[in-house]
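Report on the following structure.
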Amino acid sequence: MSNPLESLVHSLVPASRTDERLHNELVAHCQEILNSRIGQNHEPDIGHLADLVKRQLLHSSPSGSGSLKFTNLLSRLLDQPVLSRKHSAVHFLHSLASSRPSSSTVPPFLPSLAPPPPVRSSPSPISSPLDRTPASQPNGKSRAEKLREFRLQTGRSHLPEHLLLRDTLYLLQGISGKYIRLANLEQQHTLEFIDQGRYIISEPTKTLIHRLSEVGYLYTRVDQYVREREGAAGVGMIEQSLCHHLQSKLTEYYRLIAILESQMPSSHPSDTNDAREQESGLTLRRLDVWINEWRLRMRMMSVCVEGARESHGGALVNLIHSYTDNGDPFVRKFTDQLLEEVSKPFFATLHKWLFSGELYDPFSEFFVGMDQSLAHVQPLHPSSLTGGIHQLSGDGGFATPDHDDSWDRDGGLRMWEAKYEFQKEMLPMFVGEAFGRKIFSTGKSLNFIRYSCHDRDWVATREKMSNTGGSLKYSDIAGLERSIDTAYSIASQRLFDVFLEKFKLLDHLRALKQYMLLGHGDFADQLMNTLGPSLSRPANALFRHNLTATLETAIRSSNAQNDPSDVLRRLDARMLEYSHGEIGWDVFTLEYKVDPPLDTVIDLDSMVKYLKLFNHLWQMKRIEGTLSQSWMRIAGGARTFLRIPELDPSWHQIRVVMAEMIHLIRQMQAYCQLEVIECSWTTLVEFLNKREGDLDAMIEAHKSYLGRLVKKIMLLTSKSGREEQVLNIVKDIFALILQFRDAVDNFYNYCLSEAARRDRALDAARGLYTGPEQDPNSSLEEALPRLMHPVQEYGTQFSEKAQSLVQHLQVHSDLDCRFLGVRLNFSDYYRNAAKRSETPKT
1 MSNPLESLVH SLVPASRTDE RLHNELVAHC QEILNSRIGQ NHEPDIGHLA DLVKRQLLHS
61 SPSGSGSLKF TNLLSRLLDQ PVLSRKHSAV HFLHSLASSR PSSSTVPPFL PSLAPPPPVR
121 SSPSPISSPL DRTPASQPNG KSRAEKLREF RLQTGRSHLP EHLLLRDTLY LLQGISGKYI
181 RLANLEQQHT LEFIDQGRYI ISEPTKTLIH RLSEVGYLYT RVDQYVRERE GAAGVGMIEQ
241 SLCHHLQSKL TEYYRLIAIL ESQMPSSHPS DTNDAREQES GLTLRRLDVW INEWRLRMRM
301 MSVCVEGARE SHGGALVNLI HSYTDNGDPF VRKFTDQLLE EVSKPFFATL HKWLFSGELY
361 DPFSEFFVGM DQSLAHVQPL HPSSLTGGIH QLSGDGGFAT PDHDDSWDRD GGLRMWEAKY
421 EFQKEMLPMF VGEAFGRKIF STGKSLNFIR YSCHDRDWVA TREKMSNTGG SLKYSDIAGL
481 ERSIDTAYSI ASQRLFDVFL EKFKLLDHLR ALKQYMLLGH GDFADQLMNT LGPSLSRPAN
541 ALFRHNLTAT LETAIRSSNA QNDPSDVLRR LDARMLEYSH GEIGWDVFTL EYKVDPPLDT
601 VIDLDSMVKY LKLFNHLWQM KRIEGTLSQS WMRIAGGART FLRIPELDPS WHQIRVVMAE
661 MIHLIRQMQA YCQLEVIECS WTTLVEFLNK REGDLDAMIE AHKSYLGRLV KKIMLLTSKS
721 GREEQVLNIV KDIFALILQF RDAVDNFYNY CLSEAARRDR ALDAARGLYT GPEQDPNSSL
781 EEALPRLMHP VQEYGTQFSE KAQSLVQHLQ VHSDLDCRFL GVRLNFSDYY RNAAKRSETP
841 KT
C-alpha cells in the first residue's frame, strides 16, 4: 500500500481487495473530500460558509435558536489550535446536511420518525464532489445495490427489515411472529429465530430484537397480573386501584403500538425511491428509540406486580413508596404518579377514621385492625351503681348487674386497648410511625367518645375537625401532617373534657385517695374506733350489713359527710375470702366502685392495687392505734404502778420499747402520707390539669401514679427474687408489735391485780376485811419472770427486726426509701445499738 488512505480503504471495504477499479474510485473520492477547497488560488472563506449554514438553519428553525447555537459552536471550533482544516470540516458537515432525503408524511399526532427534510438554500458558488448524491457511483449503481449483489453471490441475504418489524411489533404485544417466536415466556425470556434457508438475521439485529422483546415480555407479565386480579375474590381496594392504574397505562401502550404499526413500510424496497421511503419510515432502531421510555415504565410496573403478589394493603403502598428513593427523575415521577392513584383508597379510609372514628376496611388493608369479638359489644351507659352503703345485694360479695356481658367482665380498659390494634407492618412509610400513632389514637378517641362515653357533642367535635383539617393525599404530605396534628389535638382535648368535666374523673381519684389511702384522717379514726371491737372477732361471725352500717356511721361522724353523694354511694365495706381461724382484721376491706367509662382509667388491676395499699395502710393504722391505746393506759395507770416499786424497772423497759415502736410507726405513716401519696398526687393533678396527650397518656399517668405508690409504700426493691424482702420484714414487725401489746396487756392486768392485793393487805392492817390475803413475796417472785419473759423476748425481736429494716433501707434502690431509713435510724440509734451488742461484756 502506497499511503495510509489506501490501507484504510483496503481494511474497511473487503470488496475493494479484489476489485482494483472499485479500489481506485474509493481512494480518489476520499482524496477529493480531503483536498477540497473554496476556490483554487485563494484562502478558504469560512465566513461565507458560515452565512450559508445560518441561512439554512433560519429556514428550518425561524426562532433563531439553531443559528445562535451554531455561532457558539463555530467560535469554539475556531479557537481550537489542534485542528488545521476547520473550513473542510464545516463544509463536509454542511454538504451532508444538504444531501438528506425528504421525509414521508406522518400523522399529525405522531412526531416524525425520520430526520427533518433538507433545507433548499441558494446555490453555492463553491463546487464540491460532495454536492453529488453520496450513494451514486460512476457505474450508476448505489452502494445498497452493490451490497445486495454481494450477498446474492454468497448465497444468502439478510431478512428484509419490514418483515422483522412486523414480527417485532407482535413481540411487543407478547405474540409470536412468523420468523421470531416466543419460547417458554412464562418462566424465562427466550426467543427462537426461525431459519428460512435463503435469509439470515445478523447478530446485531438479533441483539436489537432481544432488547425490544423485553418490553413485550414485561407487558405480558403485567397484563397477566391485571387479568388474574380482575376475576379473583377478596382483592383489596388498594390492589384494585393498582390494577386500574396499570390498565390505564397498558391502554396508552396499546395506542402507541397502533401508531407505530401505521408507520411500518408496506413492502420490501426495490429501487432507490422505495429505499428512501423506507429510511424515512419506521425502522428497528427508530422503534427502539420510541419504545425506550416504555421499557422503563414496563420494568417499574413489572416490579410492582411481582411485589403485589406477596404484599397487601398498606404493605403494598410501602413497597411502591420504596421505589421513590431513586436518583432517576423518570423513575421518581412514575412512582409518584402510581402512588397518587394507588393510595386513594388508603386516604379514603384514613379520612373516615381520622374525622369520624369509623373504620371501613373490608379487606383488612388499613394499619388499624379491629377485634371482631368486640365489634358489636355495646358498653354500659353510666347509671346508678348497685351495692354501696345505700344499696345492698347480700352478704359477702360484690353486687352485680342483672346482665352479664364482656364489658362487665373485662371493663372499659379492654374496650379501649383491645377493640382496635395498631398494625405497624401495614403503616405506609410516608406517614411515619409517630404520625401513625397519632392517627390511631385520634380515631380511637372519637370512637370511644361516641360509643363508650355517649357524648352528645361528638358531632360538633367531628365537624370542627373536618373544617380545620387540610388535604389528605399523597402529593401533599405537609398538609397531611397538619391535618393529623389538628385532628389529634381536638380529639384528645375533647376526651379530656369528657372525663374531667362530664364524668368527674378527678373527683373519683381524690375519693380513692381519701378513703382507700386513708387520706381522711378523722374518717379513718372513726372507722377504726367503731369497727375495732367487731374486727377482733372471728371472720365467720361478721356480717356485711353490720359492716356497712358501721361505715355509714363513720362517714356521718367525720368530714367525709361533706363529699358529693355520687362519691359516697360508690363506697362500700366488705370482707375478703377467709379461711378458718382468721379474724375480722385479716379480711376487712373498703371498696370503691366505678362504672364505665371511668373503669378505662381506674381498671380492675388498679382496683386490686388500691385494695393492697388499703390493707397495708389499714394494718399500719391498726398498729398505730394499738400503740396509742397501750401508751395511754400505761401513762394513765402510772399512779397505780407507783404502789409497786419493784416493777418500776420493768415498766421503764416497756416504755422504752414502746416509744421505739411508736417512733417507727409514726415515721412510716408520715413517709407514706406526705412523701409518697401527696407528692405523687400533686404530679398526677398537674398532668390532668394540663390536658396534654390522649387517653393512653391519661391511663399511663394513673398507672405510673399508682405504681409509684405501690413501690414506695410497700418498700419493694428491684432485686430479682427479693422484691418483697423489706415488706416481709415490715409485716414481721407488725406481728411482733401486736404480740408485744398482748404481753404488755397481760403484765398490766397482773399489775392491777397485784395492786389490788396490796390494797387489801393494807386494809387488813387497818382492821378492814376486803378479801383473802395471799403471800406477796411468793406470788410476785413466781409471776414476774413468767410475765416479763415474753415482753423482753418480743421487745428484743422487735429491735432486731427494726435494725434489719434500717440496714435494708440504707441500701435500697429507691432514694425515698433510703431517706426513710435515715429517719427511722434517728441519731444512729440502731447503729449504736448494734455496736453495743457486739461489744463483749466484762
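All residue numbers for the sequence shown refer to UniProt numbering, where the first residue is 1 and numbers rise by one.
Ideal Cβ placement from N, Cα and C applies to all residues, glycine included.
Residue(s) in a DSSP beta bridge with residue i
i: Arg574; result: Thr589
i: Arg182; result: Arg is not the amino acid found at residue 182; the sequence shown has Leu there. Note: Leu182 sits in a beta bridge opposite Leu191.
i: Met370; result: Tyr420
i: His158; result: Ile200
i: Ile602; result: None, per the DSSP bridge assignment.
Heavy atom of the ligand NAD within 7 Å of residue i beta-carbon
i: Val331; result: As far as ligands go, the structure on display features none, and thus does not contain the ligand NAD.
8 Å Cβ cutoff met for residue i and residue j
i: Val601; j: Leu688; result: no
i: Leu246; j: Val222; result: yes
i: Ser16; j: Leu5; result: no
i: Leu598; j: Val587; result: no
i: Ser445; j: Leu695; result: yes
i: residue 844; j: Phe422; result: The question about residue 844 has no answer, for the chain in this structure spans 1 to 842.
i: Leu752; j: Val730; result: no
i: Asn292; j: Pro428; result: no
i: Arg818; j: Gln810; result: yes
i: Met300; j: Phe334; result: yes
i: Leu159; j: Ile209; result: no
i: Glu787; j: Tyr830; result: For clarity, residue 787 is Leu in the given sequence; the question names Glu instead. No, these two residues do not count as a Cβ contact at 8 Å.
i: Leu242; j: Leu260; result: no
i: Gly66; j: Ser60; result: yes
i: Ala573; j: Thr548; result: yes
i: Arg570; j: Tyr592; result: yes
i: Leu284; j: Glu161; result: yes
Secondary structure of residue i, DSSP reduced to three states
i: Pro538; result: strand
i: Ile654; result: helix
i: Ile583; result: strand
i: Phe614; result: helix
i: Asn562; result: helix
i: Asn3; result: coil
i: Val303; result: helix
i: Phe798; result: helix
i: Lys206; result: helix
i: Pro785; result: helix
i: Ile677; result: helix
i: Asp395; result: At Asp395 the pLDDT is 35, less than 50, meaning the model places this residue with poor confidence and gives no usable figure here.
i: Asn825; result: coil
i: Arg166; result: helix
i: Gly693; result: coil
i: Phe435; result: helix
i: Ile175; result: coil
*Hey, is the stretch 668-686 in contact with the stretch 513-524, meaning 3+ C-beta pairs nearer than 8 Å?*
Contact between the stretch 668-686 and the stretch 513-524 is present, because at least three Cβ pairs lie under 8 Å.
*Counting Cβ pairs closer than 8 Å, one from the stretch 697-705 and one from the stretch 731-744, do we hit at least three?*
When C-beta atoms of the stretch 697-705 are compared with those of the stretch 731-744, fewer than three pairs fall below 8 Å, so the two segments do not count as touching.
*How do the stretch 428-441 and the stretch 474-491 stand: do at least 3 beta-carbon pairs fall below 8 Å, yes or no?*
In short, these stretches touch, since the Cβ pair count reaches three.
_Please give the ranges of any alpha helix (DSSP H) in the stretch 213-290, keeping only runs that are unbroken, at least 4 residues long and fully inside the region._
Fully enclosed alpha helix (DSSP H) runs of 4 or longer: 237-262 and 272-280.
*asked:* For the pair the stretch 500-512 and the stretch 536-554, tell me if three or more CB-CB distances fall below 8 Å.
replied: Counting Cβ pairs under 8 Å, fewer than three are found: no touch.
*At a cut of 8 Å, does the stretch 558-576 reach the stretch 651-667 through at least three beta carbon pairs?*
Result no; under three Cβ-Cβ pairs closer than 8 Å.
*the stretch 665-675 in contact with the stretch 618-632 per 3-pair CB rule at 8 Å*: Taking 8 Å as the limit for Cβ pairs, the verdict is that the stretch 618-632 does touch the stretch 665-675.
*In chain order, which continuous runs of the alpha helix (DSSP H) of length 4 or greater are located wholly inside the stretch 707-773?*
DSSP runs (the alpha helix (DSSP H)) wholly in the stretch 707-773: 725-765.
*Taking the runs of the alpha helix (DSSP H) that are 4 residues or longer, which of them lie wholly in the stretch 318-346?*
You should have 329-342.
*asked:* Three or more C-beta pairs under 8 Å: does that hold for the stretch 469-484 against the stretch 577-588?
replied: With the cut-off at 8 Å, the stretch 469-484 and the stretch 577-588 do not touch.
*asked:* Using 8 Å as the cut-off, can you tell me whether the stretch 245-261 makes contact with the stretch 309-328, which would need three or more C-beta pairs spanning the two stretches below that distance?
replied: Because the criterion of three Cβ pairs below 8 Å is not met, the stretch 245-261 and the stretch 309-328 do not touch.
_Assess contact between the stretch 746-762 and the stretch 703-711, defined as three or more Cβ pairs (one per stretch) separated by less than 8 Å. Is contact present?_
In this structure the stretch 746-762 does not touch the stretch 703-711; the number of beta carbon pairs closer than 8 Å is below three.
*Say whether the stretch 449-457 touches the stretch 303-313, bearing in mind that this needs 3 or more beta-carbon pairs closer than 8 Å, one atom from each stretch.*
No: the two stretches stay apart, fewer than three of their Cβ pairs being nearer than 8 Å.
*List in chain order: all unbroken alpha helix (DSSP H) runs of 4+ residues lying wholly within the stretch 437-521.*
You should have 458-468, 477-497 and 505-511.
*asked:* Assess contact between the stretch 609-619 and the stretch 643-652, defined as three or more Cβ pairs (one per stretch) separated by less than 8 Å. Is contact present?
replied: With the cut-off at 8 Å, the stretch 609-619 and the stretch 643-652 do not touch.
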